[in-house]
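To start, the structure itself, in structure tokens.
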Amino acid sequence: MLALFYIFIGIAIGVSFWQITRIMNLRGVIATDEDNAKQGKYALLFMAFFYAMMIYCLIFMNVIMLPESASIEGEHDDNLFNITFWLIGIVQFVMQFLIFYFTFKYRGNKDRKAKFYADSHKLEVIWTIVPAVVLVVLIGYGLWQWNNIMDLSDSEDPVVIELYSRQFDWQARYAGEDNTLGRGNVNYIKGRNSMGVDMSDKNSLDDKQVTELYLPKGRKIHFQFRSQDVLHSAYMPHFRAQMNCVPGMVTKFGFTPKFTTEEMRQSSEVIAKTIGINKIRKAKGEEELYEFNFILLCNKICGASHYNMQMKITVVDQEDYDEWIAEQPTLASILNN
Amino acid sequence: MSEHHHKETFVTKYIFSQDHKMISKQFLVTGMIMGIIAVFMSMLFRLQIAWPETSFTIIEAFLGNHQTDGVMDPDFYLALVTIHGTIMVFFVLTAGLSGTFSNLLIPLQIGARDMASGFMNMISYWLFFLSSVIMVISLFVEAGPASSGWTIYPPLSALPQAIPGSGAGMTLWLVSMAIFVASSLIGALNYIVTIFNLRTKGMQMTRLPLTMWAFFITAIIGVVSFPVLLSAALLLIFDRSFGTSFYLSDIFISGEVLHYQGGSPVLFEHLFWFLGHPEVYIVLLPALGITSEIISTNSRKPIFGYRAMILSIMAIAFLSTIVWGHHMFITGMNPFLGSVFTFTTLLIAIPSAVKAFNYITTLWKGNLQLNPAMLFSIGLVSTFVTGGLTGLVLGDSALDINIHDTYFVVAHFHLVMGVSAIFGMYAGIYHWFPKMYGRMMNKTLGYWHFWITIICAYGVFWPMHFIGLAGLPRRYYSNTAFPMFDDLLQINVVITIFALVGGTAQIIFLANFFISMYRGEKATQNPWKSNTLEWTTPVEHIHGNWPGKLPEVHRWAYDYSKRVDPNDDDSDYLHGQDFVSQITPLLEGEEHS
Chain A
1 MLALFYIFIG IAIGVSFWQI TRIMNLRGVI ATDEDNAKQG KYALLFMAFF YAMMIYCLIF
61 MNVIMLPESA SIEGEHDDNL FNITFWLIGI VQFVMQFLIF YFTFKYRGNK DRKAKFYADS
121 HKLEVIWTIV PAVVLVVLIG YGLWQWNNIM DLSDSEDPVV IELYSRQFDW QARYAGEDNT
181 LGRGNVNYIK GRNSMGVDMS DKNSLDDKQV TELYLPKGRK IHFQFRSQDV LHSAYMPHFR
241 AQMNCVPGMV TKFGFTPKFT TEEMRQSSEV IAKTIGINKI RKAKGEEELY EFNFILLCNK
301 ICGASHYNMQ MKITVVDQED YDEWIAEQPT LASILNN
Chain B
338 MSEHHHKETF VTKYIFSQDH KMISKQFLVT GMIMGIIAVF MSMLFRLQIA WPETSFTIIE
398 AFLGNHQTDG VMDPDFYLAL VTIHGTIMVF FVLTAGLSGT FSNLLIPLQI GARDMASGFM
458 NMISYWLFFL SSVIMVISLF VEAGPASSGW TIYPPLSALP QAIPGSGAGM TLWLVSMAIF
518 VASSLIGALN YIVTIFNLRT KGMQMTRLPL TMWAFFITAI IGVVSFPVLL SAALLLIFDR
578 SFGTSFYLSD IFISGEVLHY QGGSPVLFEH LFWFLGHPEV YIVLLPALGI TSEIISTNSR
638 KPIFGYRAMI LSIMAIAFLS TIVWGHHMFI TGMNPFLGSV FTFTTLLIAI PSAVKAFNYI
698 TTLWKGNLQL NPAMLFSIGL VSTFVTGGLT GLVLGDSALD INIHDTYFVV AHFHLVMGVS
758 AIFGMYAGIY HWFPKMYGRM MNKTLGYWHF WITIICAYGV FWPMHFIGLA GLPRRYYSNT
818 AFPMFDDLLQ INVVITIFAL VGGTAQIIFL ANFFISMYRG EKATQNPWKS NTLEWTTPVE
878 HIHGNWPGKL PEVHRWAYDY SKRVDPNDDD SDYLHGQDFV SQITPLLEGE EHS
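The listed protein sequences correspond, in order, to chains A and B.
Once you know that position 319 of the first sequence is 319 in the numbering used here, the rest is easy, because the numbers rise by one and skip nothing.
Remember, the numbering used here sits 337 above the position in the second sequence when you count from 1.
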């Protein structure tokens, strides 16, 4: 195989060298009127290709996008995103048209005289002010939403969960009855205490360590993040949630799940996406069909198996959640046995 | 600089040259070699993304012990993306672009015999060469080169236990970058001093071509921000080698607790991005400067809004130093800081928009000479707009949460700084090749090169936005662990095909470049009918640039198609031609534009 490959490369180099020297022998270095005419037309053709591609992607790639936000806080993210996307979409289509159309329209020739037009105070002011005004709106809405998401102080009775990252998996701990997490530090990592929980802290005793996340629908979840070794990032795309896990530091983020996993599976967007995925999986010969699940991924480069660091998230109704959490053993009962 | 001839040996002329024109060619060729390496790497990892864990002969042939049966190892995938990024950002687009054209054009366009210090200029190149050599050597270290991303966030970059590339490979990376920073600082100081002090008679700051303004401001940003990268690298070296804890704290790895206490990786992120963001503009502004010059010359029109262009370059430069936090919205930084950085970041859209509008207005009612350089400049405006607009999404902290570190970001910055800057670099090469080598490049090959490249660039990066919006994180060796991303695979195949074709097509350019160097048509003194001073020098290079006295400047650089009566488009051209060189005195009664 290797030898064949080298031969192929050799032939390819030979052919391209022959073609290139052939073109190099065609003298001509400065664009003539014919060149301008031809390149101007190519600019139009390219514009057609570019617009076709942009529109194709915008329409047909809709199905692969993330479904609507599964958290209440994320609704405004989706809104803001849509506003921004429409705006930049329109500007993009107009500007690209002007660029390539002007290239065609004003392609040079001997008879054309360029207009000597060096300055216009009025135009400059217009296209400073207009973007500025538009940006004020975007910035305003953006900052309002940012404060909305990042402010965790006013929620009542949140579910408190710690996510602990390490190469290359996630561990999670629920705060238990007292709704307060016990302290943690790498120095306490030992045996089954893999999250390094300080068991001399009273708050730790009723904490519950789990391998899968269950979240109750409609209640605010307060996440706190720690990392055991390097930087990781807890990315929960369906909830529009992400926060880095930093060794030596505790970071926080919160959201309120809006749909249960079951409800999400019934949404038309998710159904369409699932059908698409399963078509591809079948074609590839995969036995197992894909079924929608919320997921937690690592989104900060963290080492060789970065691409395979995940945890399943299941959103259920409050009753199912209560049932599930009651079944989980407390840390005290595990570690003291 | 005296005018008498020094006796030149081969070594002083071609190797340890202090002549800015030779140094610029050295920068260019070194940058191109590094560029070839980096593009080739991207083609290798695109293979892995499109056809994960498939055996490829080419991977077997090139990756040595970092592959098994033609499948690349996951940690070497990370090494490839890391080195691709590092080389592209620093070695190609900083040194290769700014180093080449600042050196070539600053003395020529301001009317100086050489840089303020030819010796420092030479040192700057040789430090760059040394750092390139070290970076290339790091590829051959047994455990592989640095592989923690081009941003080398600790602790991953600090701990060899965390990833093999953080051993000797990372050490070489840091040494190479430290030398690189020294090189770029020496270069930048030289550019600033030269532009301040060596302008020829009549060349007021307000008559400088926009290329000069762009290079000047770029050099200032470089001087302000590059030292911070050096300090970040030094502290990282301390943490790695001398047991300090600037960036590290509370780490348990490979079954033991490490001694580090009290440091924070967030400190590193601040220091890194204090360079890292201005770096984007260090890469982009020279390309925009080159574009301004080329679009104006080939439109046969003055650049629209000269003063607004200068003001927006300054505004961009100032803002670029106070926006670095938008790379860190979700690092656990205080949310209030996030608000401030959102605000400053989105402000950059205003001067950027002004620049884009001004380019388009310059095209309007022009007499466009569609040379390859002109096409690349138009291409730059197009990709700059496409890539810049998505910056409005990423710069907004609330939206950044969900697309941070996804392929949306990859698409955004590749278009706005990668492709745009490369287009600017190509435009510059096609345009000033006659000034560098006294010969012309072939236009037919130039056209092929342009159209294939722009089609492939958009073919790669436009669909990539959507993959990011589907939530796919960047720097994933393969997506097979997540069935939810299965429907992205076909798109990745298409992207990879565009990438392979686009990458391979650069051979057209290389062939054109090297063959034209020896066999291209002989250049005339002013092939593009341009106004700037470099086209008043003789075609054959001489020490000191101008024989006899230095030229005197009487007007700005953009008197294209100026009429006898400036308000009457039907009146005759001034001096009977559609350009008026900067050295032509004003006619009686003629007003400055």
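By construction, the Cβ of each residue, glycine as well, lies at the ideal position given by its N, Cα and C atoms.
Could you tell me whether the Cβ of residue i comes closer than 8 Å to any Cβ of chain A?
| i | result |
| --- | --- |
| I832 (chain B) | no |
| F589 (chain B) | yes |
| K772 (chain B) | no |
| S339 (chain B) | With a pLDDT of only 44 at S339 (chain B), under 50, the local geometry of the prediction cannot be trusted, and the value read off the model is given with reservation. With 8 Å as the cut-off, S339 (chain B) does not count as an interface residue toward chain A. |
| D733 (chain B) | yes |
| I852 (chain B) | yes |
| D906 (chain B) | yes |
| K933 (chain B) | No information on residue 933 (chain B) is available, as it lies outside the stretch 338 to 930 that chain B covers here. |
| S930 (chain B) | yes |
| D931 (chain B) | The question about residue 931 (chain B) has no answer here: the residues shown for chain B are numbered 338 through 930. |
According to the Cβ coordinates, are residue i and residue j closer than 8 Å?
| i | j | result |
| --- | --- | --- |
| L752 (chain B) | F798 (chain B) | yes |
| K780 (chain B) | D35 (chain A) | yes |
| T699 (chain B) | S633 (chain B) | yes |
| Q228 (chain A) | S165 (chain A) | yes |
| L637 (chain B) | S908 (chain B) | Checking the sequence shown, residue 637 (chain B) turns out to be Arg, not Leu. Going by C-beta atoms, R637 (chain B) is not nearer than 8 Å to S908 (chain B). |
| G303 (chain A) | V246 (chain A) | no |
| S629 (chain B) | I619 (chain B) | no |
| R536 (chain B) | I443 (chain B) | no |
| I516 (chain B) | L467 (chain B) | yes |
| F292 (chain A) | R265 (chain A) | yes |
| M378 (chain B) | F428 (chain B) | no |
Taking the C-alpha atoms as reference points, what is the distance between residue i and residue j?
| i | j | result |
| --- | --- | --- |
| M646 (chain B) | Y895 (chain B) | 13 Å |
| G254 (chain A) | I221 (chain A) | 5 Å |
| L837 (chain B) | T790 (chain B) | 11 Å |
| D320 (chain A) | G732 (chain B) | 40 Å |
| A172 (chain A) | N816 (chain B) | 24 Å |
| I554 (chain B) | M459 (chain B) | 22 Å |
| K110 (chain A) | F835 (chain B) | 37 Å |
| I342 (chain A) | R240 (chain A) | Summary: the structure shown does not reach residue 342 (chain A), with chain A confined to residues 1 through 337, and so no result is reported for it. |
Please tell me whether residue i has its Cβ less than 8 Å away from any Cβ of chain B.
| i | result |
| --- | --- |
| M311 (chain A) | no |
| E124 (chain A) | yes |
| L205 (chain A) | no |
| A132 (chain A) | yes |
| T103 (chain A) | yes |
| P247 (chain A) | yes |
| V230 (chain A) | yes |
| F223 (chain A) | no |
| D35 (chain A) | yes |
| A118 (chain A) | yes |
| F97 (chain A) | no |
| D77 (chain A) | yes |
For a test of the three-state rule: what should DSSP assign to residue i, helix, strand or coil?
| i | result |
| --- | --- |
| P810 (chain B) | strand |
| E340 (chain B) | The predicted model places E340 (chain B) with a pLDDT of 46, which falls under 50 and marks its position as unreliable; any figure quoted below should be read in that light. Coil at E340 (chain B), not helix or strand. |
| L535 (chain B) | coil |
| K190 (chain A) | strand |
| Y235 (chain A) | strand |
| G765 (chain B) | helix |
| L924 (chain B) | coil |
| D119 (chain A) | coil |
| A272 (chain A) | helix |
| V159 (chain A) | strand |
| H880 (chain B) | coil |
| R107 (chain A) | strand |
| L152 (chain A) | coil |
To the nearest whole angstrom, what separates the beta carbons of residue i and residue j, a pair I think is in contact under 8 Å?
| i | j | result |
| --- | --- | --- |
| F382 (chain B) | L417 (chain B) | 5 Å |
| K702 (chain B) | Y106 (chain A) | 6 Å |
| Y174 (chain A) | I295 (chain A) | Contact doesn't hold; Cβ gap of about 19 Å is too wide. |
I want to see whether chain C comes within less than 8 Å of residue i, judged by CB atoms only; does it?
| i | result |
| --- | --- |
| R112 (chain A) | In the structure shown, chain C does not exist; the protein chains are A and B. |
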